[in-house]
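Below you'll find the structure, written out as structure tokens, and then a few comments.
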Amino acid sequence: MDEREKERYSRQILSPSIGEEGQKKISKVRVLQIGAGGLGSPFAYYLVAAGIKELTIIDNDTVSLSNLQRQILYNETQIGMEKVTAAKSVLSKLNSDVEVNVYKDLISYETIDKYINKQDFIVDCSDNFATKFLVNQTAIKHNLNCVIAGIKDFFGQIITIKPKKTACYQCIFSPPVTDNSMEGPLPVIGVTPGILGTLQALEVIKTTLALPNLENKLLMVNLLDISFNIIDVVKSDNCICSK
Ligand SMILES: [Zn+2]
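If you're matching positions, the sequence shown starts at -9 in the numbering used here and goes up one per residue.
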């Protein structure tokens, strides 16, 4: 680590739970991020600020006015731009030492494998159930650490998965029988993805450092009454992750 890096990350290096050794581990982490919206904005910000090695972002959307209420990566001058292009511009200015790769694509079971390249994590920052199951299955197939969060209104949930070792998303939830991607927009207060996306970045960092994380634990967040509840979950012998 050179002097500039020591200064840049000095406040987290000061943490007894991180130190220079921890920072070196963080600086080697490669993350594949699916979705660059409400969850993906703070997620990308905090990981790039923390000094990971590489962040690859996939998203298929363009920035619109109604995004700005919660998707804090973007601003009014970027309306109409591809989100991945706008995100790369912002994140590269924040920390030019982090390699930010972006792809405009609608991820599917047919296309996702080509983006798997030496990543340590795949993280779901999407806004729909179908993609969360896709990310979960991809994590199991390629043995990638995985963090999945979901939000609606003032509520959220998040889990971290170590494939084949801890409970996966599908151990807990059943895949949707109908395509819900055509449903209308869900209600959401911007702070909710702000908190859950930030927690996703925290999970990547803590998993990297082997600190206590949300493996086998589903964190349920209720921001109306400010309650954070952890539900212990167990890996299912009948699940795809046990085959
Ligand atoms: Zn499972």
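Using N, Cα and C, we set each Cβ at its ideal position, and we do this for glycine too.
Annotation: Arg(-2) is outside any beta strand (DSSP E); the continuous alpha helix (DSSP H) that includes it extends over Glu(-7) to Arg(-2).
Within the segment 151 to 230, the runs of alpha helix (DSSP H) at least 4 residues long that lie entirely inside it are, in chain order, 159 to 162 and 181 to 198. The beta-carbon separation of Val88 and Ala77, rounded to 12 Å, does not stay under the 8 Å limit for a contact. Remark: C-beta atoms of Val90 and Val21 do not approach each other more closely than 8 Å. The residues Tyr35, Val38 and Ala39, in chain order, have a CB closer than 8 Å to that of Leu84 in the same chain once the five nearest residues on each side in sequence are set aside. Leaving aside the five residues that flank Leu63 on each side, the residues in its chain whose CB is nearer than 6 Å to its CB run, in chain order, Ser31, Ala77 and Val80. Beta-bridge pairing by DSSP links Leu45 to Val21 and Val90. Collapsing the DSSP output to three states places Asp103 in a helix. One residue after another in chain order, those with a Cβ under 5 Å from a heavy atom of ligand 1 are Cys158, Gln160, Cys161, Cys229 and Cys231.
Contact check for Leu124 against Ile102 passes: the beta carbons are separated by less than 8 Å.
The segment 195 to 203 and the segment -1 to 12 touch, with three or more beta-carbon pairs separated by less than 8 Å.
Of Thr150, Pro175 and Val167, the smallest CA-CA separation from Val223 is found for Thr150. Lys108 carries a coil assignment under DSSP once its states are collapsed to helix, strand and coil. In this structure, DSSP gives Gln13 a helical state, which the three-state scheme calls helix.
In the DSSP secondary-structure assignment, Glu72 is bridged to Thr52.
Within a 10 Å sphere around the beta-carbon of Asp(-8) sit fewer than 16 other beta-carbons, which makes this residue exposed. Membership of Ile141 in the beta strand (DSSP E) is indicated by the continuous run Asn135 to Lys142. Residue environment for Pro183: buried (at least 16 other C-beta atoms within 10 angstroms of its C-beta).
Taking 8 Å as the cut-off, the beta carbon of Gly146 is found closer than this to the beta carbon of Val211.
With fewer than 16 other Cβ atoms from the protein chains shown falling within 10 Å of its own Cβ, Gly70 counts as exposed. The C-beta of Tyr159 has 16 or more other C-beta atoms within 10 Å across all chains shown, which makes the residue buried. Check the Cα spacing between Ser82 and each of His132, Ile42, Asp143 and Gly28: the tightest is with Ile42. Gly27 is not bridged by DSSP to any residue. CA-CA distance, Ala191 to Phe33, rounds to 5 Å. In the structure shown, Ile130 falls within a helical segment according to DSSP collapsed to helix, strand and coil.
Asp114 is bridged by DSSP to Ile24 and Ile138.
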